[in-house]
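**Student:**
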Amino acid sequence: MKRIPRTYGCPVEVSLELLGGKWKPVILARLKDSPLTYGQLRGAIPALSDKVLSERLKALTEQGLVVREPDARAPDRNLYRLSDRGQSLRPVLEALYAWGQGAARDLDLRIRDGAG
Numbered sequence: 067m068k069r070i071p072r073t074y075g076c077p078v079e080v081s082l083e084l085l086g087g088k089w090k091p092v093i094l095a096r097l098k099d100s101p102l103t104y105g106q107l108r109g110a111i112p113a114l115s116d117k118v119l120s121e122r123l124k125a126l127t128e129q130g131l132v133v134r135e136p137d138a139r140a141p142d143r144n145l146y147r148l149s150d151r152g153q154s155l156r157p158v159l160e161a162l163y164a165w166g167q168g169a170a171r172d173l174d175l176r177i178r179d180g181a182g
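For the sequence shown, counting from 1, position 54 maps to 120 in our numbering; every step adds exactly one.
1) Given 8 Å as the limit, is there contact between the region 159-172 and the region 84-101, that is, 3 or more CB pairs closer than that?
2) Check this for me: beta carbons of R139 and L123, under 9 Å apart or not?
3) Taking only the alpha-carbon atoms, compute the straight-line gap between S149 and L173 and give it to the nearest angstrom.
4) Just the C-alpha distance for G168 and L175, rounded to the nearest angstrom, thanks.
5) Between Q106 and A170, what straight-line distance do the alpha-carbon atoms span, to the nearest angstrom?
6) Do G166 and G152 have their C-beta atoms closer together than 9 Å?
7) Out of N144, V78, K88 and V80, which one is the CA nearest neighbour of P101?
8) Could you check where the alpha helix (DSSP H) with L84 kicks off and where it finishes?
9) For the region 98-158, which segments carrying the alpha helix (DSSP H) assignment without a break, of at least 4 residues, lie completely within its bounds, in sequence order?
10) Any idea if Y74 is buried or exposed, counting beta-carbon neighbours within 10 angstroms, 16 or more meaning buried?
11) Kindly indicate which three-state DSSP category D172 falls into: helix, strand or coil?
See below:
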């Protein structure tokens with residue numbers, strides 16, 4: 067994992083430094099149940115550009131939250147999965163998911179079908 071040389075004021079700052087931005091938590095949430103190829107991730111998050119997806123996957127891999135490995139079914143493709151450290155985020159991701167569902171319902175917001 068790439069170390070970020072600085073002193074943080076509290077653990078929440080560390081969490082936000084590693085998970086910050088709109089797309090990292092969304093990518094992690096998509097990977098929480100099973101490994102996915104780049105194309106599967108791209109299809110699951112249509113609002114995310116190829117450039118940003120590539121950048122975020124690289125960062126998440128460097129941070130030790132995601133592992134990239136060859137797909138045994140198609141060696142020319144890679145699978146992305148949560149690392150052990152990434153798996154430790156499952157309860158956090160599930161809590162964010164549940165909170166977002168409730169907030170969307172309360173605020174009458176729509177969530178795209180299959181976005182779960």
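The C-beta atom is built at its ideal place from N, Cα and C for all residues, glycine as well.
**Tutor:** So, from the listed chains and residues:
1) yes
2) no
3) 34 Å
4) 10 Å
5) 25 Å
6) no
7) N144
8) P77 to L85
9) 104-110, 116-128 and 150-153
10) exposed
11) helix
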